[in-house]
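Student: Just so you know, the protein sequences line up as chains U, V and L, in that order.
Numbered as in the UniProt record's numbering, the first sequence ends at 354 without a single skipped number.
Numbered as in the UniProt record's numbering, the second sequence ends at 264 without a single skipped number.
Numbered as in the UniProt record's numbering, the third sequence ends at 302 without a single skipped number.
A virtual CB, placed ideally from N, CA and C, is assigned to each residue, including glycine.
These numbers were taken from a predicted model, which means no experiment stands behind them.
I am attaching a structure below and will ask some questions about it afterwards.
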Amino acid sequence: MAETFLSIQNVRKAFGATTVVQDFNLDVERGEFVSFLGPSGCGKTTMLRIVAGFEEPSAGMVMVGGKDVTNLKPNQRDIGMVFQAYALFPNLTVAQNIGFGLKVAGVPRAESDARVAEMLSIIKLPEFGSRYPYQLSGGQQQRVALARALAPRPKLLLLDEPLSALDAKVRVSLREEIRGIQKKLGITTIFVTHDQEEALSMSDRIVVMYGGKAEQVGTPFEIYNKPATRFVASFVGTLNILEGTVSDPASGTVRVNGSEIALKRKLDGKAAGDEISLALRPEAISVGDHPGRDASIAGEISDVSFLGSVIRVRVGVGKNAVSLDTFNSPATPPPVVGETANITFAASDLLVLQ
Amino acid sequence: MKTGRFWAWLTFAVGAAYFFIPLIATFEFSLRMRRGEYSFDAYRVVFGDIRFQETFGYSVVVACFTILLGVLLVVPTAYWIRLRMPHIRPVVEFITLLPLIIPAIVIVFGYIRMYGSSSPLPFLATRRGTDLLLIIGYATLALPYMYRAVDTGLRTIDVRTLTEAAQILGAGWTTIIARIILPNVLIAVLSGAFLTFAIVIGEFTMASLLNRPAFGPYLQNIGANRAYEPAALAVIAFAITWGCMAVIQLLSRFAPKSANNPSH
Amino acid sequence: MAHLSDTETAIEPAVAKAADGNFRLPTHWLGVAPFFIFALMFLIFPTIYLVVGAFQNNQGEWTLENIANLFQPNILAAYWISIRISLASALLGALVGFAIALAIVRGGLPAWVRSATMTFSGVASNFAGVPLAFAFLATLGRLGLVTILLREIGVNIYALGFNILSFWGLTLTYLFFQIPLMVVIITPAIDGLKKEWGEAAATLGATQFQYWRMVAIPVLWPSFLGTVILLFANAFGAIATAYALTGSSLNIVPILLYAQIRGDVLHNPHLGYALAFGMIFVTGLANVFYIWFRTRSERWLK
């Protein structure tokens, strides 16, 4: 039952001569969690602010629940928003912050108090209602900000890099918490981030943005495993690049550092002898033979770092270097720098970069 | 947004009118000395007046000594508090703010009664002593501004690390303050100094009540007895204030930047 | 190696010195002693001297007579007009200064307007005293430019009851340094209002008005009130401008005290002390009110 709830159509936004968002189209289903992922300056925050109503699009429209909201002011849009720097009102207590939206909407006192108590228990801070924001940690403040955004039961939840200001541990636990609350309430959510791990772990779908355009829209699995463009491939996850030459475009064989590899798919638009860039995820590579890994290239171990549970190994392959992680095993000594070693992988895991 | 900008411009324009009309009027008035035409006669008379030269010179010297006293008093104190006694900072800050609450006329009244010629500390018995008391009074008036400027300057440098680095190299306290700390907060000290200068140069109350031949009482005297010269003097005084503030602005561009103070 | 041992021996005295400080507190206090001695001798003792004197008679006996004597008509009138002028110039200065600060920070004006206003405010807030009086005499005095220009278009402000040597004349003059002082102090406070607060309020359905009433004004209130108190004290103690403007024709407290110090016009030195005590009392009371207000209603301040 896919029902489009938020629809962004042909949106373009220019500030003077610079275009920051162009040709942006997206349909979000009710209850879906969609991330805008990209480097800073890619237009993701501008796009979010257009949805929120802080920026007016130069062209195109935004529809929520079948209604055109393009010209509505932010305070008429029925949205909840969480900001990077918490943006809690410093002069109000936690409970007053959460109740702010209810108060301005004229919700009766008793009803509002009940809702605030409910929100406090959802964010697991039931005892904190009478504290002031400066008395809370960053993670607690951001949870309060989330509760404040959700208290008036908005139609849409907008999260603008809500985890960036927090330290690593809090970030991980809070992202699970946010996703949990979002699922429980079933609220349609747009999440802006530059952190691919956050986007991959939280989202139903990801929009990877670059230069004001959506490069690819897809599930985390698709984005990671079938990147549509070179940018997506390099921005999401770690990639090892291998330079090779095409041996036979029809059967799809390439030569990398003296080894012939059969890709078993046609290389359109390439001729024999053309240079080609191939990419491999670190987890797709092993040192030495492994079942199911049908391709192999000769290399030389150039660096070994022991990181505890994993060992990161760098292997020189011709003029390229690939890095891969192997699990630590007390029984097997780690590879030694200078050794020659074959790296193996499944040829089907090789990504051809356009 | 459009109407907001209109009101902003209107507010700005009304404010600008209130502040510029008196300046224009004063300048115009100062040119009216010669009947029927504009001239700089009033300025010529003022600059030619021997008492103008004497009182202005006196005030400049007093201002310089005030700045010196202020720096000697404030820099080591602010430094020491940052380094060793952060817990008494609120007390010191409160004291430095007192001159904004206790009027200058009250402070100088207290001096006159406490340090009269028959008191145990007879500052007022001699002319030099009275000059000294005037400088002290001015240093008190400038205290809030000087302390603030220096403390802000110290905040931008890591006092503790600099001090420890100097100690490791065998420097003593005088060397540390004069050779390490002062150069690093020089910009801040100079800002405080020019502000002090602007406050002291035309000060009337203390100089008048201590009977010193300063620029402020001279201004008042001219104002009571002449017609056009006061306007010329007002323009000159405004120019001096403007000059001091311009120097402070200029200095602030050279001020060291830090994480605490990124916007300047 | 030689270098290393050199540094090590150099560290020791420093460490020893620091350790000493922990055992003998007085060495700590030596560093701030000059400041405290100065503050006591030239700020606190002179003030206390006057305050004590206000409660003594000529024979050095304790009495409340001097304070009681303050309640005579001409002294009460002086306090009353001083308080009125200070309050009017502080409140008007604060409101106008706030409006200007708001316009330059939030009004969407070009950046040069802001920097020019800030620079000018720095100058004008220090342009007080005698020259300011001259400037306003040249503007709104009987022969001032504005007076003449208005007369030429048929408005004789002096015939309409205006006088530069009056309550409103002095208030208008004081505003010339009160407004810029407000701008200088309150602009950073307005800068401190985060843009996200306004945006968060908007997404929660609040109107601009609701945002200002529930968030922005409560956040700015302590700075605003603090500045009003400062402006009040600033005007209350000011004498040079008023004296140069009006001579001794306007009966405000600092001028009365000035005349008393110069010539004992009240014929009782201890009444002069009481007058000074009264001034400290008024500005002190304003500050006590401010501190009380701040601690009572601003629990959210760190």
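Enumerate, from N- to C-terminal direction, the unbroken alpha helix (DSSP H) stretches of 4 or more residues contained entirely within the stretch 175 to 243 of chain U.
Tutor: 196 to 202, 220 to 225, 230 to 235
Student: Could you give the distance in angstroms between the alpha-carbon of GLY21/L and the alpha-carbon of PHE194/V?
Tutor: Per-residue confidence for GLY21/L stands at a pLDDT of 44, beneath the threshold of 50, marking its modelled position as unreliable; no derived number is given.
Student: Please list the residues of the stretch 216 to 227 of chain L that have a C-beta atom closer than 9 Å to any C-beta atom in chain U, keeping them in chain order.
Tutor: PRO218, VAL219, TRP221
Student: For the pair the stretch 235 to 246 of chain L and the stretch 102 to 116 of chain U, tell me if three or more CB-CB distances fall below 8 Å.
Tutor: Contact check between the stretch 235 to 246 of chain L and the stretch 102 to 116 of chain U: fewer than three CB pairs, one atom from each, fall below 8 Å, which does not count as touching.
Student: With a Cβ-Cβ cutoff of 8 Å, do VAL236/U and PHE36/U count as a contact?
Tutor: no
Student: Could you name each continuous alpha helix (DSSP H) segment of 4 residues or more that falls completely within the stretch 81 to 117 of chain L, going from the start of the chain to the end?
Tutor: Taking only runs of at least 4 residues, no alpha helix (DSSP H) segment lies wholly in the stretch 81 to 117 of chain L.
Student: Flag this pair as yes or no: are the beta carbons of ILE81/V and LEU209/V separated by less than 8 Å?
Tutor: no
Student: Straight-line CA distance for GLN178/L to ALA94/L?
Tutor: When rounded, the separation of the alpha-carbon atoms in GLN178/L and ALA94/L is 7 Å.
Student: Nearest to ILE157/L by alpha carbon, out of THR147/L, VAL96/L, TRP221/L?
Tutor: THR147/L
Student: Is it the case that the stretch 168 to 184 of chain U contacts the stretch 212 to 227 of chain U, given that we only count it when at least three CB pairs across the two stretches are under 8 Å?
Tutor: no
Student: Would you please verify whether the beta carbon of ASN10/U is less than 8 Å from any beta carbon of chain L?
Tutor: Output row for ASN10/U: interface = no.
Student: Pick out the complete alpha helix (DSSP H) segments inside the stretch 108 to 146 of chain U, 4 residues or longer, and give them in chain order.
Tutor: DSSP runs (the alpha helix (DSSP H)) wholly in the stretch 108 to 146 of chain U: 109 to 122.
Student: Can you name the residues of chain L whose CB is closer than 7 Å to the CB of GLY202/V?
Tutor: GLY129, VAL130, PRO131
Student: Is it right to say ASN58/L is buried, meaning 16 or more other beta carbons lie within 10 angstroms of its own, or is it exposed?
Tutor: exposed
Student: To the nearest angstrom, how far is the alpha carbon of ILE104/L from that of ALA16/V?
Tutor: 12 Å
Student: Can you name the residues that DSSP bridges to ASN320/U?
Tutor: VAL317/U
Student: So, at 6 Å on beta carbons, what are the nonlocal neighbours of ILE11/L in its own chain, with the 5 sequence-adjacent residues on each side left out?
Tutor: No answer about ILE11/L holds up, because its pLDDT of 39 lies below 50 and its placement is not dependable.
Student: Quick check: the Cα distance between SER125/L and ALA206/L, rounded to an integer number of angstroms?
Tutor: 37 Å
Student: Since ILE79/U meets chain L, which of its residues come closer than 7 Å, beta carbon to beta carbon?
Tutor: THR203
Student: Would you call ILE190/U buried or exposed, if buried means 16 or more other Cβ atoms sit within 10 Å of its Cβ?
Tutor: buried
Student: Would you kindly work out how many angstroms separate the C-alpha atoms of LEU219/V and PRO131/L, rounded to a whole number?
Tutor: Their backbone Cα atoms lie some 7 Å apart in a straight line.
Student: So MET61/U is in the beta strand (DSSP E); what residue range does that whole segment cover?
Tutor: 59 to 64
Student: The alpha helix (DSSP H) spanning LYS44/U covers which residue range?
Tutor: 44 to 52
Student: Taking 7 Å as the limit between beta carbons, can you name the residues of its chain near SER258/V, skipping five residues before and five after?
Tutor: Note that SER258/V scores 47 on pLDDT, short of 50, meaning its location in the model is unreliable; the coordinates nonetheless yield the value given after this. Closer than 7 Å at the Cβ level, and outside the excluded window around SER258/V, lie THR156.
Student: Are the C-beta atoms of PRO110/L and some chain V residue less than 8 Å apart?
Tutor: no
Student: So, using beta-carbon positions, are PRO46/L and MET114/V closer together than 8 Å?
Tutor: yes
Student: Quick check: the Cα distance between LEU351/U and LEU278/U, rounded to an integer number of angstroms?
Tutor: 6 Å
Student: Using a beta-carbon distance below 8 Å, is PHE177/L in contact with chain V?
Tutor: no
Student: Is SER118/V buried or exposed, if buried means 16 or more other CB atoms sit within 10 Å of its CB?
Tutor: exposed
Student: When the Cα atoms are used, what is the spatial distance from PHE127/L to ARG32/V?
Tutor: A direct Cα-Cα distance of roughly 23 Å separates PHE127/L from ARG32/V.
Student: Is the shortest distance between the beta-carbon of ALA198/V and the beta-carbons of chain L less than 8 Å?
Tutor: yes
Student: Can a CB atom of chain U be found closer than 8 Å to the CB of TRP29/L?
Tutor: no
Student: What do you reckon, is the C-beta of GLY223/V under 7 Å from a heavy atom of the ligand NAD?
Tutor: Absent from the structure shown: the ligand NAD. Ligands present: none.
Student: Between the alpha carbons of PHE89/U and VAL215/L, how many angstroms are there, rounded?
Tutor: 7 Å
Student: Taking the CB atoms as reference points, tell me whether ALA245/U and ARG230/U lie closer together than 8 Å.
Tutor: Sequence inspection shows Thr at residue 245/U; the Ala mentioned does not correspond to that position. No; because the gap between Cβ atoms is not below 8 Å, this pair is not in contact.
Student: Quick one, are the C-beta atoms of ARG171/U and MET202/U less than 8 Å apart?
Tutor: no
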